[in-house]
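Residue numbers (the UniProt record's numbering), protein chains in the order written: chain A, 1 to 346; chain B, 1 to 346.
Right, one structure below, let's go through it.
There are 2 protein chains.
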Amino acid sequence: MNAEDSGTTVLIHDPTLRDGQHAVRHQLSAAALRGYAEAADAAGIPVVEVGHGNGLGASSLQVGRAAVGDDLMLSTVREALRHSKMGVFLLPGWGTSDDLRKALAHGADIVRIGVHCTETSLAERHLGFLRDAGAEAHCVLMMSHMATPAELADHAARAVGYGARAVGIMDSSGHFLPHDVGERIGAIVAAVGTGVPVIFHGHDNLGMAVANSVAAAEAGATIIDGCARGFGAGAGNTQLEVLVPVLERMGFATGIDLYGLLDAAEFAERELMPAPPVTGSLSIVSGLAGVFSGFKHQVLEEAGRAGVDPRDVFFELGRRQAIAGQEDLIVDVVAELAARTGETAA
Amino acid sequence: MNAEDSGTTVLIHDPTLRDGQHAVRHQLSAAALRGYAEAADAAGIPVVEVGHGNGLGASSLQVGRAAVGDDLMLSTVREALRHSKMGVFLLPGWGTSDDLRKALAHGADIVRIGVHCTETSLAERHLGFLRDAGAEAHCVLMMSHMATPAELADHAARAVGYGARAVGIMDSSGHFLPHDVGERIGAIVAAVGTGVPVIFHGHDNLGMAVANSVAAAEAGATIIDGCARGFGAGAGNTQLEVLVPVLERMGFATGIDLYGLLDAAEFAERELMPAPPVTGSLSIVSGLAGVFSGFKHQVLEEAGRAGVDPRDVFFELGRRQAIAGQEDLIVDVVAELAARTGETAA
Numbered sequence: 001m002n003a004e005d006s007g008t009t010v011l012i013h014d015p016t017l018r019d020g021q022h023a024v025r026h027q028l029s030a031a032a033l034r035g036y037a038e039a040a041d042a043a044g045i046p047v048v049e050v051g052h053g054n055g056l057g058a059s060s061l062q063v064g065r066a067a068v069g070d071d072l073m074l075s076t077v078r079e080a081l082r083h084s085k086m087g088v089f090l091l092p093g094w095g096t097s098d099d100l101r102k103a104l105a106h107g108a109d110i111v112r113i114g115v116h117c118t119e120t121s122l123a124e125r126h127l128g129f130l131r132d133a134g135a136e137a138h139c140v141l142m143m144s145h146m147a148t149p150a151e152l153a154d155h156a157a158r159a160v161g162y163g164a165r166a167v168g169i170m171d172s173s174g175h176f177l178p179h180d181v182g183e184r185i186g187a188i189v190a191a192v193g194t195g196v197p198v199i200f201h202g203h204d205n206l207g208m209a210v211a212n213s214v215a216a217a218e219a220g221a222t223i224i225d226g227c228a229r230g231f232g233a234g235a236g237n238t239q240l241e242v243l244v245p246v247l248e249r250m251g252f253a254t255g256i257d258l259y260g261l262l263d264a265a266e267f268a269e270r271e272l273m274p275a276p277p278v279t280g281s282l283s284i285v286s287g288l289a290g291v292f293s294g295f296k297h298q299v300l301e302e303a304g305r306a307g308v309d310p311r312d313v314f315f316e317l318g319r320r321q322a323i324a325g326q327e328d329l330i331v332d333v334v335a336e337l338a339a340r341t342g343e344t345a346a
Numbered sequence: 001m002n003a004e005d006s007g008t009t010v011l012i013h014d015p016t017l018r019d020g021q022h023a024v025r026h027q028l029s030a031a032a033l034r035g036y037a038e039a040a041d042a043a044g045i046p047v048v049e050v051g052h053g054n055g056l057g058a059s060s061l062q063v064g065r066a067a068v069g070d071d072l073m074l075s076t077v078r079e080a081l082r083h084s085k086m087g088v089f090l091l092p093g094w095g096t097s098d099d100l101r102k103a104l105a106h107g108a109d110i111v112r113i114g115v116h117c118t119e120t121s122l123a124e125r126h127l128g129f130l131r132d133a134g135a136e137a138h139c140v141l142m143m144s145h146m147a148t149p150a151e152l153a154d155h156a157a158r159a160v161g162y163g164a165r166a167v168g169i170m171d172s173s174g175h176f177l178p179h180d181v182g183e184r185i186g187a188i189v190a191a192v193g194t195g196v197p198v199i200f201h202g203h204d205n206l207g208m209a210v211a212n213s214v215a216a217a218e219a220g221a222t223i224i225d226g227c228a229r230g231f232g233a234g235a236g237n238t239q240l241e242v243l244v245p246v247l248e249r250m251g252f253a254t255g256i257d258l259y260g261l262l263d264a265a266e267f268a269e270r271e272l273m274p275a276p277p278v279t280g281s282l283s284i285v286s287g288l289a290g291v292f293s294g295f296k297h298q299v300l301e302e303a304g305r306a307g308v309d310p311r312d313v314f315f316e317l318g319r320r321q322a323i324a325g326q327e328d329l330i331v332d333v334v335a336e337l338a339a340r341t342g343e344t345a346a
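Structure below.
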């Protein structure tokens, strides 16, 4: 696709106030939510997504209680937005249909359902509910490096069949290089047809979040995610205020005001985060290994106790295709690596 | 070039201890230099460059006095390196032939001469001196976005004629996108022939430093620069410990040990820098405008005094093709923008 000829519009979807929550253990205050939402609205960012990092209904002892409950989060951001749409996120199992009803009652414009890339059927009931409610439902396939382009295309088409009006992929562990993204987005665009917008959401573990997002747009994705200063866990998400002017320079239209966007990012750096994301060693290793970076704390703890290199643990978890929810594997892998080390030393 | 078929070797050149100095006003201690050089050597990084940020002989009141003089810097790093080569950098005008003699006496293996991209003739005398001394002389064309691919190819060929054994470009203001880099490196490779290694040095203002470096390698560059954690002024340089595994994944060989490299980066984050680089608003704007980010402090000061938006100043400096040494232009531009604002308000 030649953006300069077609003047293709890319719709920017900003999950700073949802995915960014992971970097601060879901502790964003109502004042911080309001301030950023106002700044994003003033900049003309089309969609502002808000919530607990794991989405609607996920605030819990297990993954962390949010400082602000779903009701107050949604009403605060709703009030702050004059032009931007409000987005919410739901992981089936964490959130329920009741959470969806509540979000719609609060005026959520776009509801994203996230599923593991080969488990689209888990989204069927929620997507059907949203379709019947007349709501704008989107579906994102997470950890998408764990499926082939053909599998992703198949699952994307299924999601559309269930009622998703847009569908796409998250590079949850920041594993992709640009040609990987182009290939996968191309396959999905071909499978769902031109009437269904395709989504890309990147992470920066291998320094490729902006380049991957550009590759996605060139392959036909028209909804691209980015967070202010890349706010997110580990290496962070695609840095929004870098992505937007790069897309514009390449001929894509976003409708966003550059100075307003830079102002919003400065607000975010000052008021939302202790410091912008840094790409540290374990973020790089988890990106290379294709492993969920949320394993980091538990890997460090278990590996430290057993005297095993946490980087070896990540690479081994990658070989075993570990996914979120399989934290027990960490214990097994550490024990096995510790035994191997003992053999080598003996 | 298909790296996976050819197993192309990329020689990594690490200017953490020279270009990184800009981020800490040239205040790296001898202990910090020694520690990082030892870690880089242990990781198998082929070339470790050291010096004042502006190179040999540049320590001065005007651009900042280094905490450690050239003699102690060079002897400290020389002692720390067992396998890696020691590189030095010289900007004609800042450094002299005496500085080159001193560096060679200290055992510098590679001497880089940096010139503005269309001023290669300024390097003629130094490159000739180094050729006659039998030293390994390289030449880099700075602010290379200000010249066309054909001009860069012409100047690269001239540098080879003067005695440079390798030649290449620096994306000094972080302005390039990957296709820009591929086009320019391709033109230079064609102009200098296969016997002369071609160099690329990136900056991350537009989030493209790693992607640009990969594009350079794919276009035939075989010497690529990167700094630990991207250590450097503003948005920083290409993040070395991300670049290396990405190049390896794409089939290029670097000979560097990944864990050793990650350890060196952790040492650098802990001992060299107050914090890793962040891509802030003015870094993004200077990258978009193609302006030397070293103007930042003076732009902020002059713009603040006159009540002008510093981002407007950067974009106007970009239109006027301002380069380092033309700081007087900042005052002119601020005065003109202030006058325009006055007219609008009146």
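We treat Cβ as the ideally placed atom computed from N, Cα and C, and that holds for glycine.
Query, Result
"Given that Arg340(B) touches chain A, what residues does it touch there, using C-beta distances under 8 Å?", "None at all; the shortest Cβ gap to chain A is about 16 Å."
"If you reduce the DSSP assignment to three classes, tell me which class Asp180(A) lands in.", "helix"
"Which partner residues of Cys117(A) appear in the DSSP bridge assignment?", "DSSP lists no partner for Cys117(A)."
"Could you spell out where the beta strand (DSSP E) holding Pro15(B) opens and where it closes?", "11–17"
"Taking the beta strand (DSSP E) that Ala24(B) falls in, what are its first and last residues?", "In the sequence as displayed, the identity of residue 24(B) is Val instead of Ala. It is not in any beta strand (DSSP E) - Val24(B) carries neither H nor E in the DSSP assignment."
"Taking the beta strand (DSSP E) that Ile169(A) belongs to, which residues open and close that run?", "166–170"
"Give the single residue among Met170(A), Ile188(A), Ala164(A) whose Cα lies nearest to the Cα of Leu138(A).", "In the sequence on display, residue 138(A) carries His and not Leu. Considering only alpha carbons, the answer is Ala164(A)."
"Under a three-way DSSP split, which group does Leu90(B) fall into?", "strand"
"Taking the beta carbon of Pro274(B) as the centre, do at least 16 other beta carbons fall within 10 Å, making it buried, or is it exposed?", "exposed"
"CB of Leu300(A) to nearest heavy atom of the ligand MN: below 7 Å?", "Ligands are entirely absent from the displayed structure, and the ligand MN is therefore not among its contents."
"Taking Cβ to Cβ, would you say Thr222(B) is nearer than 8 Å to Val10(B)?", "yes"
"Could you please tell me which residues of the region 277–290 of chain A, in chain order, have their CB closer than 7 Å to any CB of chain B?", "Val278, Thr279, Ser281, Ile284, Leu288"
"Using CA atoms only, rank isn't needed, just tell me which of Gly220(B), Leu261(B), Asp204(B) is closest to Gly195(B).", "Gly220(B)"
"Is Val303(B) buried or exposed, if buried means 16 or more other CB atoms sit within 10 Å of its CB?", "Note that residue 303(B) corresponds to Ala in the displayed sequence, not to Val. Ala303(B) is buried by the Cβ-count criterion."
"As a quick exercise: from Ala322(A), Glu269(A), His83(A), pick the residue whose alpha carbon is nearest that of Pro46(A).", "His83(A)"
"Within a Cβ cutoff of 7 Å, which residues of the same chain sit near Ser283(B), ignoring the five residues on either side of it in sequence?", "Asn205, Gly234, Ala235, Ser293"
"Report the neighbours of Arg311(B) on chain A: residues whose CB is nearer than 9 Å to its CB, in chain order.", "Leu258, Tyr259, Leu262"
"With Val242(B) as the anchor, note down where its beta strand (DSSP E) starts and where it stops.", "Careful: Val242(B) lies outside any beta strand (DSSP E), inside the alpha helix (DSSP H) at 240–249."
"Give a yes or no on whether the C-beta atoms belonging to His155(A) and Asp171(A) are separated by under 8 Å.", "no"
"Where Leu240(A) and Leu61(B) are concerned, what is the direct C-alpha to C-alpha distance, given to the nearest angstrom?", "38 Å"
"Does any CB atom of chain A fall closer than 8 Å to the CB of Val197(B)?", "Note on residue identity: the sequence assigns Pro, not Val, to residue 197(B). No - not a single Cβ of chain A is within 8 Å of the one on Pro197(B)."
"DSSP three-state call for Ser173(B): helix, strand or coil?", "coil"
"Can you confirm whether Leu206(B), when its beta carbon is compared against all beta carbons of chain A, has any partner nearer than 8 Å?", "yes"
"Go through its chain and collect everything with a Cβ distance to Leu122(B)'s Cβ below 6 Å, but skip five positions before and after it.", "Pro92, Val115"
"Does any residue of chain A have a CB that is nearer than 8 Å to the CB of Glu241(B)?", "yes"
"Buried or exposed: which applies to Ser213(B), given that a residue is buried once 16 or more other Cβ atoms fall within 10 Å of its Cβ?", "buried"
"Between Glu182(A) and the rest of its own chain, which residues show a CB-CB distance below 7 Å, the 5 nearest in sequence each way excluded?", "In the sequence as presented, Glu is not what sits at residue 182(A); that position holds Gly. Cβ within range, chain order: Ala215, Glu218, Ala219."
"Output needed for Ala147(B): all residues of its chain with C-beta closer than 8 Å, excluding positions within five of it in sequence on either side, in chain order.", "Cys117, Thr118, Leu141, His155"
"Pick helix, strand or coil for Phe315(A), following the three-state DSSP scheme.", "helix"
"Let's see if you can read the secondary structure: which residues bound the alpha helix (DSSP H) around Leu261(B)?", "258–271"
"Residues bridged to Ala137(B) by DSSP?", "Val111(B)"
"I want to see whether chain B comes within less than 8 Å of Leu100(A), judged by CB atoms only; does it?", "no"
"In three-state DSSP terms, what is Phe292(B)?", "coil"
"Using a C-beta cutoff of 8 Å, does Val68(B) count as contacting chain A?", "no"
"On the DSSP bridge assignment, give the partners of Asn212(A) in chain order.", "None, per the DSSP bridge assignment."
"Would you say Val50(B) and Leu72(B) are within 8 Å of each other, going by their C-beta atoms?", "no"
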